[in-house]
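As they're listed, the protein sequences go chains A, B, C and D. Numbering-wise, the working numbering comes out as the position in the first sequence, counting from 1, plus 22. Numbering-wise, the working numbering comes out as the position in the second sequence, counting from 1, plus 22. Numbering-wise, the working numbering comes out as the position in the third sequence, counting from 1, plus 114. Numbering-wise, the working numbering comes out as the position in the fourth sequence, counting from 1, plus 114. Cβ coordinates follow ideal geometry from the N, Cα and C atoms, glycine included. In what follows, a structure is listed as structure tokens, so that the remarks can point back to it.
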Amino acid sequence: MPFIPHTEQDVQEMLETIGVSSIEDLFDEIPPQLRAGELTQVPDALNEMDMMRRMREKSAQDEGALCFIGAGAYEHHIPAAVWDVATRGEFMTAYTPYQAEASQGTLQLIYEYQSMMATLMAMDVSNASLYDGASGLAEAVLMAVRANRKSKSRKILVPGAVHPTYRSALAAIVESQNIDLVEVPWNAEQGTTALDALKAYEGEDITAVIIAQPNFFGQLEDVHALTDWIHQQNSLAIALVNPMAMAVLEAPGNWGEKGADIAVGDGQPLGVPMASGGPYYGFMCCTQAIVRQMPGRLIGRTVDLDGKPGYALTLQAREQHIRRSKATSNICTNQGLAVTASTIYMSMVGPDGLANVAGQSYKNTQSLVELLCSIEGVGRQFSGHTFHECAVKLPVNAALVLEKLAEREILGGFDLGRVDASLENAMLICVTETKSQADLELYKSALVDVLNEIQG
Amino acid sequence: MPFIPHTEQDVQEMLETIGVSSIEDLFDEIPPQLRAGELTQVPDALNEMDMMRRMREKSAQDEGALCFIGAGAYEHHIPAAVWDVATRGEFMTAYTPYQAEASQGTLQLIYEYQSMMATLMAMDVSNASLYDGASGLAEAVLMAVRANRKSKSRKILVPGAVHPTYRSALAAIVESQNIDLVEVPWNAEQGTTALDALKAYEGEDITAVIIAQPNFFGQLEDVHALTDWIHQQNSLAIALVNPMAMAVLEAPGNWGEKGADIAVGDGQPLGVPMASGGPYYGFMCCTQAIVRQMPGRLIGRTVDLDGKPGYALTLQAREQHIRRSKATSNICTNQGLAVTASTIYMSMVGPDGLANVAGQSYKNTQSLVELLCSIEGVGRQFSGHTFHECAVKLPVNAALVLEKLAEREILGGFDLGRVDASLENAMLICVTETKSQADLELYKSALVDVLNEIQG
Amino acid sequence: MLIFEQSRSGRKATAQVPAEAADVSGLPADLVRKQKPGLPEVSELQAIRHYTNLSRKNFSIDTQFYPLGSCTMKYNPRGALAAASLPGILNRHPLAPESHSQGFLSCMYELQEILKDVTGMKGVSLTPMAGAQGEFAGVAMIRAYHQSRNDDARTEILVPSAAHGTNPATAVMCGYKVREVPVNSEGDVDVDALKTLVGPQTAGIMMTNPSTCGVFERQIEEIAKVIHEAGGLLYYDGANLNAILGKVKPGDMGFDVMHMNLHKTFATPHGGGGPGAGPVAVNDRLLPFLPTPIVGKEGSDEAATYRWLTQEDIPQTIGNLSAFMGNAGILVRAYVYAILLGKEGMHRVGEYATLNANYMAKRLEKEGFQLAYPDRRATHEFIITLSKQTKDLGVNAMDVAKRLLDYNQHAPTTYFPLLVPECHLIEPTETESKEAMDEYIAAMASILKESEANPEMVRGAPYTQPVKRLDDVKAARELDLAWKAS
Amino acid sequence: MLIFEQSRSGRKATAQVPAEAADVSGLPADLVRKQKPGLPEVSELQAIRHYTNLSRKNFSIDTQFYPLGSCTMKYNPRGALAAASLPGILNRHPLAPESHSQGFLSCMYELQEILKDVTGMKGVSLTPMAGAQGEFAGVAMIRAYHQSRNDDARTEILVPSAAHGTNPATAVMCGYKVREVPVNSEGDVDVDALKTLVGPQTAGIMMTNPSTCGVFERQIEEIAKVIHEAGGLLYYDGANLNAILGKVKPGDMGFDVMHMNLHKTFATPHGGGGPGAGPVAVNDRLLPFLPTPIVGKEGSDEAATYRWLTQEDIPQTIGNLSAFMGNAGILVRAYVYAILLGKEGMHRVGEYATLNANYMAKRLEKEGFQLAYPDRRATHEFIITLSKQTKDLGVNAMDVAKRLLDYNQHAPTTYFPLLVPECHLIEPTETESKEAMDEYIAAMASILKESEANPEMVRGAPYTQPVKRLDDVKAARELDLAWKAS
């Protein structure tokens with residue numbers, strides 16, 4: 023029996039101890055008409071060998087293409103040591119550290135994670151993580167509503183240049199909270215959130231405003247001006263950032279005069295594999311002033327009976343298992359293992375390594391864009407500055423181009439027509455440090471081929 | 023600097039402590055003319071990302087074919103847990119357990135390994151392992167020479183049906199020890215070591231005789247009769263066995279009236295990957311009577327100052343680091359990590375699982391042989407019984423057939439013409455539990471194709 | 115020692131990533147970071163040694179018995195990790211085209227079918243990233259259902275007093291008022307009380323069965339009738355699904371919607387508190403509201419192709435809850451677990467989990483511990499109450515829990531459910547051996563003796579862990595959430 | 115507790131291998147096993163928990179500073195494990211045709227070239243499976259060389275008294291008599307004595323440089339001249355190569371043949387005592403005798419193909435020493451380490467290993483410990499002698515070593531080399547930080563104080579390990595090498 027250690031003799035002894043004659047007897051309180059019959063959709067058991075063979079076949083189906091898609095998930099090199107250590111049984115198979123004395127490993131690690139994320143964001147504090155970037159954004163909005171006591175409107179300005187599925191997840195999650203999500207259009211020329219567009223709301227009661235850096239189009243927002251404007255409205259600034267980019271770009275805590283109030287985003291670029299979309303983790307940082315409104319687990323440093331430093335879950339009074347219907351969120355886990363990997367990743371690469379990864383990604387993206395723009399009819403969709411993603415305008419329909427590139431084993435980018443019909447000839451490309459010059463040239467020549475084929 | 027943690031400041035402080043002004047000064051005792059210049063064949067450093075990319079490309083070159091080669095290395099399913107646990111830092115990055123108190127993990131594990139190998143071989147004791155099966159065979163011969171004090175001849179009978187590179191390694195290693203290795207021919211019909219051939223030596227002073235089970239051709243030897251004959255000559259019986267086969271076949275300790283004196287072989291089938299030939303490990307078991315002649319490390323169970331059980335290296339007086347020129351062998355390591363994996367493997371699959379693996383390998387081999395023999399002109403090379411390897415006779419040159427099978431991504435077996443010109447039309451095939459019925463049929467149809475192509 | 119305390123400025127002993135800084139002078143100066151983040155600067159060896167040693171300060175399934183009630187800490191097959199680490203699965207971009215995703219999509223489709231079968235439901239969405247998000251999705255679907263019928267009066271969700279804290283928190287997140295339903299002394303919902311609470315204002319009820327009292331809610335069919343007749347829907351909290359896996363299907367009990375905790379019932383590792391996955395399953399009524407994305411299948415089994423179903427296919431969906439499709443890697447692990455268990459193995463989960471819990475309950479009772487529900491069958495978990503020891507000896511449930519750590523046994527869940535005083539909620543799971551449970555029972559018996567002989571000592575436990583009991587008050591008052599260079 | 119003590123007859127809680135027994139009735143009954151082997155019958159979880167917990171009883175590089183002299187316990191890059199675990203490398207059959215082996219063969223060829231460069235030699239064979247087998251191959255080549263010249267009078271190998279135990283053991287395995295060469299008080303070979311020992315009977319000398327005394331043999335050129343003029347050859351024991359990697363090439367010192375310990379100098383993990391790898395390198399004279407197989411290259415760099423060189427290519431070879439080509443997986447790791455380090459990194463190894471050793475030596479001397487060779491530069495390792503403490507306080511080298519374990523520091527090599535009484539041979543390696551060394555030094559200083567205040571306590575150490583000091587005499591007298599069911 024897979025995973026069940028009972029011998030016949032064990033079962034007999036246990037039944038005798040209980041005082042029943044069969045395992046079946048243990049279910050005698052369940053109305054017989056509720057008992058399940060045969061399972062019809064569960065296959066017969068495979069042993070590990072056959073399972074691995076099946077899974078290798080499935081894996082092989084999806085392997086091998088060069089990937090230039092970003093759009094919220096980023097291919098970076100993950101040092102071998104990161105997951106070797108993270109998947110040690112003691113990290114991987116432990117639960118939430120309810121018994122602090124027997125969980126100091128996980129607890130100290132998360133405290134270190136919180137410290138790293140806070141310094142990376144230049145913010146005061148970080149929580150222990152949320153599910154992912156998109157749901158984290160929703161939690162940030164809910165937190166802003168709790169934290170901005172001066173505001174009554176529950177109105178949030180959401181730039182259209184925020185990741186589209188982040189915006190839809192935000193809408194789905196805050197759906198029943200009487201929150202007014204107002205979309206702010208992006209500037210068609212620059213692909214950024216124009217201060218002009220915001221000015222329309224000047225003087226209104228706005229609870230919070232989201233600023234994405236880089237934004238979904240890979241464009242850099244003028245975060246200082248935006249943050250200052252937001253604070254002038256007595257509104258809270260929610261920074262939505264790629265944490266890898268923060269090794270090179272100015273961090274939320276340093277935006278404008280006072281810095282952002284909440285910084286949130288997806289931690290995946292920091293040592294977490296793309297893995298079809300998860301598990302990733304959402305990080306969230308904030309200023310000391312509003313920490314008690316933070317959702318999710320928090321680990322604090324304290325001392326034990328002997329005065330020795332130790333780590334424990336803290337501010338649990340905010341959480342569902344204590345406060346139940348009055349909790350700040352229904353969240354009851356963090357994404358512990360992904361955070362474990364990220365913490366080890368950040369330790370191994372250090373501040374300079376992180377800046378090099380981010381910098382090389384920037385450089386490679388600029389190189390590819392330059393190469394592609396040398397093709398007749400291809401150009402940048404937007405002016406302004408980009409980081410490691412860029413919207414590229416094609417002479418033909420981007421979906422078609424991407425399909426044909428995929429046939430050549432190049433996943434060429436994200437079809438921006440899926441987001442906005444006006445961008446149907448544009449694709450969003452991403453290049454990280456993992457790509458070589460030869461890869462970039464391969465992309466270019468494939469695109470030349472594809473365009474020739476289409477334009478015939 | 024990869025792997026070197028020194029900051030500039032560290033270096034300065036350390037140099038000051040030492041009282042020199044540069045690292046260079048530390049080499050001032052070395053004659054200047056001996057100082058190395060530039061290294062010309064060492065490439066510039068790659069980072070881990072670029073290294074992994076290069077290695078993935080190299081790996082991909084060698085991947086993907088279905089493998090039916092055995093001949094001393096066997097593809098078995100290795101449970102995922104085996105190497106997950108074996109590569110834990112505490113096992114993988116520890117050294118030989120010289121400090122027993124700080125090495126109880128490795129020491130107890132090896133004691134368990136010794137216990138498992140002894141019961142699998144039905145022998146009294148096992149050592150902690152040797153390098154591999156071939157060099158282990160040489161150590162077994164040297165041990166037999168030490169142990170058989172009644173014999174003066176230093177004459178060893180070595181069946182021709184012993185693995186050819188085992189025989190050549192044996193010859194190379196005992197080269198300078200005045201040992202007389204006498205090759206005993208194999209029976210052309212059965213592919214086994216005929217008792218008749220041995221009878222030629224009856225009454226002579228023979229120090230030891232090797233019996234391989236299964237032998238190199240996959241054929242089963244009549245181990246009981248052979249062992250009894252050997253003991254009648256006051257000679258020692260050295261069993262050379264595939265440990266996986268011993269889950270189904272009678273174990274050396276139970277051969278004939280008294281059992282073999284030494285059992286040796288390669289532990290690779292027990293959870294160690296094929297990995298181009300190593301690291302594997304040689305196992306060696308023997309009777310209690312001759313344990314003090316055993317080469318290699320031995321772990322013994324003892325007690326500590328409080329009477330608590332513990333484990334330690336023992337009988338070190340036999341070893342090179344104590345006895346120097348009078349040691350039983352110059353061996354100073356075992357193959358610790360491979361043994362670690364094997365021990366976990368044997369624990370996970372247990373006696374029944376091991377029997378199932380061995381049994382399914384046997385069954386699959388018989389199935390494939392039957393399938394292939396249904397092809398015109400293809401048949402068994404030998405009569406008698408085989409285990410999970412079998413010599414198959416082809417109507418044409420085997421090397422050519424194997425080359426053409428390889429073009430079809432089937433590594434069809436081992437060309438027996440490399441061993442004996444009389445077998446140039448024969449190949450040695452091996453099937454383990456890893457192959458499905460579909461694989462076997464694929465092999466058959468590829469062979470039909472290839473034979474048609476060659477025979478026109 | 116913290117990793118930060120091992121940092122030295124300028125230390126870079128790694129070979130991991132590009133050694134060269136890139137020229138970023140093309141970026142606007144005011145958008146470029148001025149001061150580098152205070153991340154640790156250590157060598158590879160220091161990082162590995164630090165985190166390897168940190169891990170050794172944890173209890174875990176791989177090292178200890180861990181009978182944490184309601185958390186289902188069972189064996190996590192390493193084969194599932196190996197499968198999820200295959201390159202095509204680990205490195206697949208979530209937005210890769212369907213042409214390059216058939217391997218992954220087929221696994222997800224099959225998992226959906228398996229989960230429908232074991233729950234007795236008609237549709238599954240795998241996307242929720244944890245049990246609590248599954249709960250949210252479930253209650254949001256209930257709300258969407260009522261809204262679609264223009265049934266706007268339903269403002270309340272009923273929750274039994276024994277429920278997990280996530281249940282009321284979720285109902286509030288979905289805009290509902292929460293009303294608690296009392297539980298009787300046998301651990302069952304008080305159906306009479308329930309009837310007085312139900313009405314046209316009732317959107318639904320959130321329950322788990324077996325309940326957190328570790329007993330099977332025997333009147334579930336009656337409850338379902340009451341709720342359904344009032345126009346409400348039943349939500350099943352799948353946290354306790356392990357108790358009945360393969361034995362009873364929530365759909366058959368009358369539940370309309372539920373979530374599953376794959377990190378519990380489907381053995382994906384808990385990872386020190388996540389990630390898990392919380393797929394939702396629904397009956398026909400709620401099919402139109404499932405969260406996206408879902409995997410659809412086209413063509414026959416032999417020539418099937420798989421594709422994403424999105425908003426266009428499910429126009430009434432409550433929407434997407436994550437950027438992509440949730441914790442895909444966890445879903446792969448759960449799929450692997452399901453195919454390793456197979457049909458028969460699935461049936462056995464509930465059976466042996468129940469056998470183990472009843473065995474432990476009986477043995478502990480014989481050793482002198484008070485069962486909270488002595489006249490009931492235990493399910494996959496059971497509760498003891500240490501009220502007597504607290505009163506007589508001054509040794510409470512927490513003291514005993516901490517002392518267990520000194521016996522190398524992870525403590526059970528303490529002080530939950532809230533309605534049983536000084537309780538331990540104990541769940542051995544089906545993957546633990548009789549010997550492992552016997553050791554735990556022996557430890558408990560020994561602690562009982564110690565409590566009689568030397569209660570002071572027990573109150574000071576643990577003594578063998580990296581730290582002694584921690585000052586939680588100081589942690590909350592003098593909030594220290596991040597290391598700062600001093 | 116042993117894994118056998120957790121075994122229960124009939125327990126099979128695994129999903130690993132085929133669950134069905136095969137029909138083996140086709141095999142002759144007398145050749146089929148009658149009684150199943152007494153392997154443990156445990157669940158997957160029990161096996162994982164048992165071995166995970168066992169591992170936790172070890173010290174290791176990944177968890178502790180491990181300055182075990184002569185063993186070069188440096189950081190083992192995890193990237194090398196990842197590369198060696200790639201499927202095409204891990205699963206390649208050793209007899210796969212060359213058409214399906216070009217990836218592997220090219221790595222091996224490049225490693226041969228790298229090792230030739232760093233040793234200053236003309237040919238390399240990677241096949242020896244450990245240092246001791248490399249030594250064997252080296253001396254066997256010396257023997258083959260003399261034999262090929264019909265120079266049969268050479269029956270002796272010279273070995274300095276400080277040599278590793280493997281050196282004399284190897285010489286005997288190759289059929290030579292061993293003569294010891296004395297070492298002077300400064301750790302150098304006594305060249306005058308050497309001259310009296312050398313003659314037409316001298317086949318060669320086996321040395322390491324730096325010697326096991328942790329000092330560089332300054333008269334190596336003179337020694338080489340003496341040996342060569344007598345018609346002998348010089349064997350270099352590569353155990354201490356880390357000291358001079360990138361700084362001095364053994365070929366330039368006059369050595370004719372050598373081995374390398376890849377698990378030392380090239381950072382492949384020691385694995386609890388193996389596997390390692392011990393490639394041999396030779397100068398022109400010994401090229402014809404290299405052990406097989408070797409990898410050859412054909413064609414230009416752009417269109418190179420690689421093939422095995424065997425007996426046919428090297429007819430005078432001493433032969434093959436393993437079934438295939440030795441510890442291939444370890445060779446892959448060493449190759450990866452070499453390309454991660456690169457040219458510059460290779461130079462730095464010897465430099466920083468030497469810096470660390472000299473720093474520790476100086477600090478320990480200041481703390482009151484006696485250096486064995488106080489007037490010499492330390493190389494990558496150095497020796498302290500505790501003769502004074504043994505005499506004055508009754509605390510000997512072993513006591514201090516055991517007490518170090520209580521400070522979470524692995525003990526150094528003790529009582530080796532044999533010619534320094536009560537010694538510790540300490541080798542920090544280049545991958546350890548100053549802080550790690552400072553902690554060790556602080557522990558030593560503290561132990562010295564303890565030895566003065568309470569020598570009894572130090573003699574009883576260790577106190578914090580899974581066991582106290584073990585009864586080695588009982589282990590040898592009442593030999594218990596295998597568990598037996600009682």
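Would you verify that the beta carbon of residue i is, or is not, closer than 8 Å to some beta carbon of chain D?
| i | result |
| --- | --- |
| T118 (chain A) | no |
| T187 (chain A) | no |
| F436 (chain B) | yes |
Using beta carbons (cut-off 8 Å, strictly below), is residue i in contact with chain A?
| i | result |
| --- | --- |
| T322 (chain C) | no |
| Q130 (chain D) | yes |
| R110 (chain B) | yes |
Who are the Cβ neighbours of residue i in its own chain at under 7 Å, not counting the five residues just before and after it?
| i | result |
| --- | --- |
| S121 (chain D) | P154, E155, V156 |
| G440 (chain C) | L240, T241, P242, M243, A391 |
Between residue i and chain B, is there a C-beta pair that is closer than 8 Å?
| i | result |
| --- | --- |
| A102 (chain A) | yes |
Look at the Cβ atom of residue i, then the Cβ atom of residue j, and state whether they are nearer than 8 Å.
| i | j | result |
| --- | --- | --- |
| D176 (chain C) | T355 (chain A) | no |
| G443 (chain C) | Q83 (chain A) | no |
| Q199 (chain A) | L519 (chain C) | no |
Cβ closer than 9 Å: which chain D residues qualify as neighbours of residue i?
| i | result |
| --- | --- |
| I366 (chain A) | Neighbours of I366 (chain A) on chain D: none; closest Cβ ~11 Å, over 9 Å. |
What residues from chain B crowd round residue i, counting only those whose CB sits closer than 7 Å?
| i | result |
| --- | --- |
| E158 (chain C) | F25 |
Give the single residue among the options whose Cα lies nearest to the Cα of residue i.
| i | options | result |
| --- | --- | --- |
| L562 (chain C) | C:E541, C:Y521, C:E592, C:A550 | C:Y521 |
| D218 (chain B) | B:L248, B:S157, B:I228 | B:L248 |
| A567 (chain D) | D:G508, D:I540, D:M321 | D:G508 |
With a threshold of 6 Å on Cβ separation, who are the neighbours of residue i within its own chain once the five nearest residues in sequence on each side are excluded?
| i | result |
| --- | --- |
| N149 (chain A) | M306, M316, G318, L320 |
Against residue i, what residues of chain C qualify as contacts under a CB-to-CB distance less than 7 Å, listed in chain order?
| i | result |
| --- | --- |
| N69 (chain B) | A129, Q130, V131, P132, A133 |
Along chain A, in chain order, which residues have C-beta atoms closer than 9 Å to that of residue i?
| i | result |
| --- | --- |
| R125 (chain D) | P27, H28, T29, D32 |
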